[in-house]
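The structure appears right after this line, and notes come after that.
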Amino acid sequence: MRHISLDENGELNKWLTSRYGRKDIRKIAEDIAHDLLLATKQVKPPIDLSPICSFRHIKEILSPALKSDARLLVRDNGFLIQISKQFQTRRRFTLAHEIAHTYFYDLETSKPKRMFFGSKPNEEEQFCDILASEIVMPSFMIQEEFSKVLRKNPNISPLVILEQLAQTFRVSDEAMARRITEDLNLLHGVILNVRWLPSTKQDINSQPNNYDWRLHWWAASLDIVEQLYLPLASKRPKLDMSSLESIYNNRQPAKLNIQISEVKIGNLKKIVTQFNPGLNSLDIWVYPIIPDGIQLGSVINGKGVTDIEEQTRQQSEINLFFPTNNM
Ligand SMILES: [Zn+2]
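Note that the sequence shown covers residues 143 to 469 in the working numbering.
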């Protein structure tokens, strides 16, 4: 599971606790983000990262060719951030992650001085992800916006809420999906993002039949995450019937009744289908419709996928929401 599993007695936790006087890592991240918003006088989304960068002594942000997403470099008078070219929404999260790294330095000296020397770099990375989420999607603001959207339209669908919040906070659907399911438990269910992709990166130029609908990312609320088995063995698992069945490999399958309530994509037809625990089967049919209205084929069930133009491939992305009412 991707869930944050920072060791309560680990070096990082001890260091943060001694510094911020709290034990709960998430609360510490909330405090830090809250102070940042106060210092930069920000009260509503989207969070502007420029004043936060200045506040944290980040003097320059460059986009050279990079092997990793980004890195933070110490300079005589502050920091330099190198960040790879990315979609704007993802870039904001990456930048916030690098801002989070500055909290491991003493900024009192003109040249920032490293204060924390943990032996598990992964712990620091996890904390920086938590803090980055808190900076670009502050808990209290998300909760406020979530209620506001619901108040305006009580019948709004979960995927529309996701889309609206992602836009309001200028983050990716993926980051927002995790935030409102896993972190804040505002949506109860599973969000799957499936995309029309080749089986591996090397397959980019391969025959169209090596393309398929593959799970790109997923997010699930904590109430079900323990019971969730997703096909995570490969980076882009092919979504066939058996792997989707395993998603809901619940300990009490008889009680499970999951409905795929909707699909979001401009050029895909809406689908509604049902997982049948008695028959242990799941049928999902999606019909990609290209702009001139020609129906290209059925997908996800692994049958009869015909070629789709490159342009359409780029757009072939679906978010699916599986509510969990009775778990
Ligand atoms: Zn990092």
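A virtual CB, placed ideally from N, CA and C, is assigned to each residue, including glycine.
The structure presented is a predicted model; accordingly, all values stated were derived computationally and were not measured.
Item: Would you call the CB atoms of residue 172 and residue 276 closer than 8 Å?; Value: yes
Item: What would DSSP say about residue 186, mapped onto helix, strand or coil?; Value: coil
Item: When a residue counts only if its C-beta is closer than 6 Å to some heavy atom of ligand 1, which residues count, in chain order?; Value: 239, 243, 267, 270
Item: For the beta strand (DSSP E) containing residue 298, name the first residue and the last one.; Value: Where residue 298 is concerned, there is no enclosing beta strand (DSSP E), given that its DSSP letter is neither H nor E.
Item: Helix, strand or coil for residue 462 per DSSP?; Value: strand
Item: With 16 as the cutoff for other CB atoms within 10 Å, does residue 257 come out buried or exposed?; Value: exposed
Item: Let me know the alpha helix (DSSP H) ranges lying completely inside the stretch 241-285, each 4 residues or longer, listed in chain order.; Value: 263-278
Item: Tell me the DSSP secondary structure of residue 202 in three-state form.; Value: strand
Item: Once the 5 residues before and after residue 148 are set aside, which same chain residues still bring their CB inside 8 Å of it?; Value: 154, 155, 167, 265, 268, 269
Item: Give the DSSP-derived three-state secondary structure of residue 382 in the structure shown.; Value: Low local confidence applies: a pLDDT of 42 at residue 382 is under 50, so the model's placement there is unreliable, and no value is given.
Item: Here's the rule: buried if 16 or more other CB atoms are within 10 angstroms of the residue's CB, otherwise exposed. What is residue 177?; Value: exposed
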